[in-house]
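Since the structure comes first, as structure tokens, the remarks are kept for the end.
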Amino acid sequence: MKRYTNKEDSAEDLTTYWGRLKHFQNIISPANIFYSPEQLSEYGRILENVDKDPSIRTKYTDQQLWKMRYVLDSNIHPQLKEPVNILFRTSTFVPVNVPLAFGLAVLPPTPINQLLAQSANQTYNFMFNYCNRNASNVFSNEMLAFSYGGAVSSAVVGSLGTSWLFKKLNAPALLIRACPLFGVLIANTFNLFFARYPDFQKGIQVFDDETQEPLPGLSKEAAKIAFFKTLVTRYILPLPMFIPPIVIYYMKQAKCYPQGRAIGLALDLSLSGFFLYCGLSVGIGIFPQYLKVNPSDLESQYQNLTNSKGNKIKTIVFNKGL
Numbered sequence: 007m008k009r010y011t012n013k014e015d016s017a018e019d020l021t022t023y024w025g026r027l028k029h030f031q032n033i034i035s036p037a038n039i040f041y042s043p044e045q046l047s048e049y050g051r052i053l054e055n056v057d058k059d060p061s062i063r064t065k066y067t068d069q070q071l072w073k074m075r076y077v078l079d080s081n082i083h084p085q086l087k088e089p090v091n092i093l094f095r096t097s098t099f100v101p102v103n104v105p106l107a108f109g110l111a112v113l114p115p116t117p118i119n120q121l122l123a124q125s126a127n128q129t130y131n132f133m134f135n136y137c138n139r140n141a142s143n144v145f146s147n148e149m150l151a152f153s154y155g156g157a158v159s160s161a162v163v164g165s166l167g168t169s170w171l172f173k174k175l176n177a178p179a180l181l182i183r184a185c186p187l188f189g190v191l192i193a194n195t196f197n198l199f200f201a202r203y204p205d206f207q208k209g210i211q212v213f214d215d216e217t218q219e220p221l222p223g224l225s226k227e228a229a230k231i232a233f234f235k236t237l238v239t240r241y242i243l244p245l246p247m248f249i250p251p252i253v254i255y256y257m258k259q260a261k262c263y264p265q266g267r268a269i270g271l272a273l274d275l276s277l278s279g280f281f282l283y284c285g286l287s288v289g290i291g292i293f294p295q296y297l298k299v300n301p302s303d304l305e306s307q308y309q310n311l312t313n314s315k316g317n318k319i320k321t322i323v324f325n326k327g328l
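For the sequence shown, the positions run 7 to 328 when my numbering is used.
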């Protein structure tokens, strides 16, 4: 574990996938839910002053300081410095999504089930995207409505469309059960695109990596990089969610699936929660939260700049969003 300092982003080595995996497992832990606004405010005050006040070092270990940091990172927006709505925090993502995952992946993919499950899932995804967005831009009500409508309709059409096609082709039963996955993947693309559309138009805020100072203007190239990196993550996140139906199918084939309705439901929900947690930690850890790029990867205005220390800016950093 690293020595705690506000200049460090994590106790782990974020240049490695394993380090990011452990880092994000700490952030998405549901145990981080149980902290009051007063505790979050107190943690923020302690960490804000830890580099200025040596006496704080005598009161807390590095492990305790990093724990405070992870609690804040899983509940507080990194740019707005305000608590995210509790339903849309990274700390509550898994427990809130368990019933959604159950509806998408475990219930029979009938048209009404897909309509309800996809609508509920995309409603949650839209709100999660919005609450954890890059805060450089504000969204009009018209854009929000357009984004939400596109996400829900694309999910339902994609799911029902692939279901109809697979049945037409006499596809195997397991493949037909995976139809909601295609709806989710299509919707994730539209959902993220609509949520990030203002970023494509205006750009996002970027910072000097050495001083953390904001650089002038907004970068559209950074917005594109953030979008595609996040899209890869969004494609991976739902995949493990569709493993439970396969497990359940083969358990029933082997006649080892619980007979009782309540026990069976508990098993289904447990499998959904377990694979959802695995998918989230594996997928979200693929890329760092803050991406670092060479100035040459962005617009010409960010090349050959110097920071407040008089040093040439060699690395630019920005929040990719979630």
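For every residue, glycine included, the Cβ atom is placed at its ideal position computed from N, Cα and C. Being a predicted model, the structure only gives us computed values, none of them experimental.
- Task: Report the option in 162, 83, 82 and 325 whose CA atom is closest to the CA atom of residue 191.
- Result: Walking along the sequence shown from the start, residue 191 turns up at place 185. Considering only alpha carbons, the answer is 162.
- Query: Per DSSP, residue 213 forms a beta bridge with which residues?
  - Reply: Walking along the sequence shown from the start, residue 213 turns up at place 207. In DSSP, residue 213 forms a bridge with 220 and 323.
- Message: By the three-class DSSP mapping on this structure, what secondary structure does residue 153 have?
- Response: For the purposes of this step, residue 153 is taken as residue 147 along the sequence shown, with counting starting at 1. Three-state DSSP puts residue 153 in a helix.
- Between residue 240 and the rest of its own chain, which residues show a CB-CB distance below 7 Å, the 5 nearest in sequence each way excluded? The sequence position of residue 240 within the sequence shown is 234, counting from 1. These residues qualify, in order along the chain: 194 and 198.
- Message: Would residue 298 and residue 312 be called neighbours here (beta carbons separated by less than 7 Å)?
- Response: Within the sequence shown, numbered from 1, the residue matching residue 298 stands at position 292. Within the sequence shown, numbered from 1, the residue matching residue 312 stands at position 306. It is not a contact, given that the beta carbons lie outside the stated cut-off.
- Query: Looking at the unbroken beta strand (DSSP E) that takes in residue 241, where does it start and where does it end?
  - Reply: In the sequence shown, counting from the first residue as 1, residue 241 sits at position 235. Residue 241 -> not in any beta strand (DSSP E); alpha helix (DSSP H) instead, spanning 226–242.
- Task: List in chain order: all unbroken alpha helix (DSSP H) runs of 4+ residues lying wholly within the segment 17–70.
- Result: 23–33, 43–55 and 61–65
- Message: By DSSP's criteria, residue 89 is part of a beta bridge. Which residues make up the other side?
- Response: The sequence position of residue 89 within the sequence shown is 83, counting from 1. Answer by DSSP bridge pairing, in chain order: 82.
- Item | N-terminal and C-terminal residue of the alpha helix (DSSP H) that residue 273 is part of | Walking along the sequence shown from the start, residue 273 turns up at place 267. Where residue 273 is concerned, the enclosing alpha helix (DSSP H) stretches over 267–290.
- Item | Beta-carbon proximity check, residue 249 vs residue 281, cutoff 7 Å | To locate residue 249, count along the sequence shown from 1; it is residue 243. To locate residue 281, count along the sequence shown from 1; it is residue 275. The answer is yes: Cβ separation under 7 Å.
- Do residue 196 and residue 223 have their CB atoms nearer than 7 Å? The residue you call residue 196 lines up with position 190 of the sequence shown. The residue you call residue 223 lines up with position 217 of the sequence shown. No.
- May I have the straight-line CA-CA distance separating residue 101 from residue 36, to the nearest angstrom? Here the question's residue 101 lines up with position 95 in the sequence shown. Here the question's residue 36 lines up with position 30 in the sequence shown. When rounded, the distance between both Cα atoms is 7 Å.
- Contact under 7 Å by Cβ, residue 285 with residue 251: By one-based count along the sequence shown, residue 285 stands at place 279. By one-based count along the sequence shown, residue 251 stands at place 245. Contact: no.
- Those residues which DSSP pairs with residue 312 across a bridge: The residue labelled residue 312 in the question sits at position 306 within the sequence shown. The partner list for residue 312 (beta bridge, DSSP) reads 318.
- Task: With distances taken Cα to Cα, identify the nearest neighbour of residue 236 among 291, 34, 81 and 301.
- Result: Along the sequence shown, read from residue 1 onward, the residue named residue 236 stands at position 230. Minimum Cα distance to residue 236 is reached at 291.
- Quick one: what's got a C-beta closer than 6 Å to residue 121's C-beta in the same chain, skipping five residues either side? In the sequence shown, residue 121 corresponds to position 115, counting from 1. Taken in chain order, the residues that qualify are 162.
- Between the C-alpha atoms of residue 4 and residue 166, what's the straight-line distance to the nearest angstrom? Because the chain is modelled from 7 through 328, residue 4 falls outside the range shown and cannot be assessed.
- In the DSSP assignment, what residue or residues form a beta bridge with residue 298? By 1-based counting over the sequence shown, the position of residue 298 is 292. According to DSSP, which records beta bridges pairwise, residue 298 is partnered with 323.
- Item | Limits of the alpha helix (DSSP H) - the one that residue 6 falls within | Nothing can be reported for residue 6, as the shown portion of the chain is limited to 7 through 328.
- Task: To the nearest angstrom, report how far apart residue 106 and residue 302 are at their CA atoms.
- Result: Translated into positions along the sequence shown, residue 106 becomes position 100. Translated into positions along the sequence shown, residue 302 becomes position 296. Near 42 Å, if we compare the C-alpha coordinates of residue 302 and residue 106.
- Message: With H, G and I counted as helix, E and B as strand and the rest as coil, what does DSSP make of residue 13?
- Response: Looking up residue 13 in the sequence shown gives position 7. Residue state, collapsed to three classes: coil.
- What did DSSP end up calling residue 262 once you bin it into helix, strand or coil? The residue labelled residue 262 in the question sits at position 256 within the sequence shown. Correct three-state label for residue 262: coil.
- Item | Three-pair Cβ contact test at 8 Å for the segment 8–15 versus the segment 56–65 | yes
- Item | Alpha-carbon to alpha-carbon, residue 182 and residue 173 | To locate residue 173, count along the sequence shown from 1; it is residue 167. To locate residue 182, count along the sequence shown from 1; it is residue 176. Using only the alpha carbons, I get a separation of about 7 Å.
- Message: Taking the alpha-carbon of residue 204 as reference, which of 113, 141, 117 and 217 has the nearest alpha-carbon?
- Response: Along the sequence shown, read from residue 1 onward, the residue named residue 204 stands at position 198. The shortest C-alpha separation from residue 204 is found at 141.
- C-alpha gap between residue 48 and residue 40, whole angstroms: Here residue 48 is taken as the residue at index 42 of the sequence shown, counted from 1. Here residue 40 is taken as the residue at index 34 of the sequence shown, counted from 1. Distance between the alpha carbons of residue 48 and residue 40: 14 Å.
- Would you say residue 304 and residue 219 are within 7 Å of each other, going by their C-beta atoms? Mapped onto the sequence shown, residue 304 falls at position 298. Mapped onto the sequence shown, residue 219 falls at position 213. Contact: no.
- Item | Rounded straight-line distance, which links the Cα of residue 310 to that of residue 318 | Along the sequence shown, one-based indexing puts residue 318 at 312. Along the sequence shown, one-based indexing puts residue 310 at 304. Using only the alpha carbons, I get a separation of about 7 Å.
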